[in-house]
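Enquirer: My structure is below; once you've seen it, I'll send some questions.
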Amino acid sequence: MLIRRGSDIIPSSEITPEQVYLNRRQFMGAAAGVAAALVPGTLAACEAERPGQQQDELTPYEDITTYNNFYEFGTDKDDPARNSKNFRTRPWTITIEGHVKKPGAYQLEDFLKPYKMEDRIYRLRCVEAWSMVIPWRGIPLRDVIARAEPTASAKYVEFVTLLDPKQMPEQRYPILDWPYNEGLRMDEAMHPLTLLATGLYGRDLPNQNGAPIRLVVPWKYGFKSIKSIVKIRFVEKQPVTAWMKAGPDEYGFYSNVNPNVSHPRWSQRRERRIGKFRRRDTMMFNGYMEVASLYSGMDLKKYF
Ligand SMILES: Nc1nc2c(c(=O)[nH]1)N[C@H]1C(S)=C(S)[C@@H](COP(=O)(O)O)O[C@H]1N2
Ligand SMILES: [Mo]
């Protein structure tokens, strides 16, 4: 079977996770060929869905795991990798609450059991105008939502990060209104691109990348992709997110990657891939044009 579940690919110390991952991809390509493109959830499928698009070069594992925004562990890019080493991600409880027929509190392992892991290469584009290309592993959020059986009152999904100042030292200071929270409109949350990620490069998420489970919304600025989630709440009203509270003129609820709408303090037209020098044009919706229909008729300058 080409799709592997969980973290059963254990790289030996001699080879980097990147090599393991690339070897596996080569194997998949050679062994499966076109057939793999028909199996949903394989990387081949994910690439085949986007013919004509320039093949993205993966950002090295080293860069993805040392250049992070995770303010609970510090505001410098190298802080999270240094300060999250002892962060405890087991046991980990995820609570589903709000307007659902099946609320509950789950241990991470039980929570993940019913779902099929998928590997997907997504670009992550930060509002600070840098980007990365990351091979994520995770479960489609829409599956989790379907299982929770939201009622008609559930118009938005809110996500909340762990609050634990003993482990997350920066939560002792009023940098953001802790705990970090984010939100999606129900149709955004149900979109097949939206992923709850538990790994990258075929292994469990490193702490600095949001272990044990984080959101990935590839057509939105990186800050929407909330890390270390403990709560998924189904609500009627649009949540006020941590970044909206911090700077309502700078960070809106939608936060779609949009080269035509500047951040008040800088342009969003161009971006720099981490590890590369050349700047490149930023693509509308980060290049994921299939989401455009979610926003038809909306003024994206107003709903930024
Ligand atoms: N809880 C929490 N989630 C967070 C953040 C944060 O500070 N705290 N930063 C966000 C921002 S601004 C970005 S760009 C991405 C970065 O994800 P990465 O470190 O995996 O690249 O995480 C997002 N999720
Ligand atoms: Mo970001």
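Once you know that position 219 of the sequence shown is 207 in the working numbering, the rest is easy, because the numbers rise by one and skip nothing.
The beta-carbon is built from N, C-alpha and C at its ideal position, and this holds for glycine as well.
Determine the extent of the alpha helix (DSSP H) in which L184 is found, giving its start and end residues.
Expert: Careful: L184 lies outside any alpha helix (DSSP H), inside the beta strand (DSSP E) at L183 to L188.
Enquirer: So, helix, strand or coil for F241, using DSSP?
Expert: Correct three-state label for F241: coil.
Enquirer: Could you check whether the region 89 to 98 touches the region 149 to 167, counting it as contact only if at least three pairs of C-beta atoms, one from each stretch, sit closer than 8 Å?
Expert: At 8 Å Cβ cutoff, the stretches do not touch.
Enquirer: Using a threshold of 6 Å, is the CB atom of G210 nearer than that to any non-hydrogen atom of ligand 2?
Expert: The answer is yes for G210.
Enquirer: Would you mind reading off the limits of the alpha helix (DSSP H) that contains E68?
Expert: According to the sequence provided, residue 68 is Pro. The question's Glu does not apply to it. Taken as a continuous stretch (DSSP letters only), the alpha helix (DSSP H) holding P68 covers D67 to N71.
Enquirer: Exposed or buried, T30, counting other C-beta atoms within 10 Å across all chains shown (16 or more means buried)?
Expert: With a pLDDT of 45 at T30, under the threshold of 50, the modelled position of that residue is not reliable, and the figure given next carries that caveat. The residue is buried, with at least 16 neighbouring Cβ atoms inside 10 Å.
Enquirer: When the Cα atoms are used, what is the spatial distance from D131 to R268?
Expert: About 34 Å.
Enquirer: Which ranges would you report for the alpha helix (DSSP H) in the region 119 to 146 if only whole runs of at least 4 residues count?
Expert: As far as the region 119 to 146 is concerned, its whole alpha helix (DSSP H) runs of at least 4 residues are 129 to 136.
Enquirer: Look up G285 in the DSSP assignment and say whether it is helix, strand or coil.
Expert: Reduced to three states, the DSSP call for G285 is coil.
Enquirer: Give me the Cβ distance between M156 and R261, rounded to the nearest whole Å; I'm assuming they're in contact under 8 Å.
Expert: So it is not a contact: roughly 29 Å between Cβ atoms.
Enquirer: Under a CB-based cut-off of 7 Å, is G240 close to chain B?
Expert: Checking the listed chains, one finds no chain B in this structure; it contains a single protein chain.
Enquirer: Determine the closest residue to L49 out of S255, G263, A142 and T77, with distance taken between C-alpha atoms.
Expert: According to the sequence displayed, residue 49 carries Tyr and not Leu. Closest option to Y49, Cα to Cα, is G263.
Enquirer: What distance in whole Å lies between the Cβ atoms of I122 and T182, which are believed to be in contact at a cut-off of 8 Å?
Expert: Incorrect: roughly 15 Å between the Cβ atoms, too far for contact.
Enquirer: Looking at K208 and N244, is the spacing between their C-beta atoms short of 7 Å?
Expert: Taking 7 Å as the Cβ cut-off, N244 and K208 qualify as a contacting pair.
Enquirer: Ligand 2 and N56: does the residue's C-beta get closer than 6 Å to at least one heavy atom of that ligand?
Expert: No.
Enquirer: Looking at F147: is its Cβ nearer than 7 Å to the Cβ of L188?
Expert: Going by C-beta atoms, F147 is not nearer than 7 Å to L188.
Enquirer: For K208, which residues does DSSP report across the bridge?
Expert: In the DSSP output, where bridge partners are listed per residue, K208 has N244.
Enquirer: For a quick check, are the C-beta atoms of Q159 and A69 less than 7 Å apart?
Expert: Result no, Cβ atoms of Q159 and A69 do not sit closer than 7 Å.
Enquirer: Identify the continuous alpha helix (DSSP H) that holds Y49 and give its terminal residues.
Expert: Looking at the DSSP string, the run of the alpha helix (DSSP H) that includes Y49 is Y49 to I52.
Enquirer: What three-state label does DSSP hand Q196 in the structure shown?
Expert: Three-state result, Q196: helix.
Enquirer: Is E176 buried or exposed, if buried means 16 or more other CB atoms sit within 10 Å of its CB?
Expert: The residue in question, E176, is buried, as its Cβ has 16 or more Cβ neighbours within 10 Å.
Enquirer: According to DSSP, what are the bridge partners of F61?
Expert: Paired residue(s): none; F61 is not in a bridge.
Enquirer: Go ahead and pull the three-state DSSP assignment for W231.
Expert: DSSP places W231 in helix when its eight states are reduced to three.
Enquirer: Please classify G126 as buried or exposed, where buried requires at least 16 other C-beta atoms within 10 Å of its C-beta.
Expert: G126 should be labelled buried.
Enquirer: Assuming L193 contacts A185 under a Cβ cut-off of 8 Å, what Cβ separation, rounded to an integer in Å, is found between them?
Expert: At roughly 7 Å, the Cβ-Cβ gap stays under 8 Å, so L193 and A185 are in contact.
Enquirer: Can you give the beta carbon distance from F222 to A140, rounded, assuming they're within the 8 Å contact cut?
Expert: Incorrect: roughly 11 Å between the Cβ atoms, too far for contact.
Enquirer: Measuring from the CB of V148, is there a heavy atom of ligand 2 at a distance below 6 Å?
Expert: Checking every heavy atom of ligand 2 against the Cβ of V148, none is found closer than 6 Å.
Enquirer: Below 6 Å CB to CB, which residues in the same chain sit around T83 once its five sequence neighbours on both sides are set aside?
Expert: The answer, listed in chain order, is A93 and K219.
Enquirer: Under the rule that 16 or more other beta-carbon atoms within 10 Å means buried, what is K104, buried or exposed?
Expert: The residue in question, K104, is exposed, as its Cβ has fewer than 16 Cβ neighbours within 10 Å.
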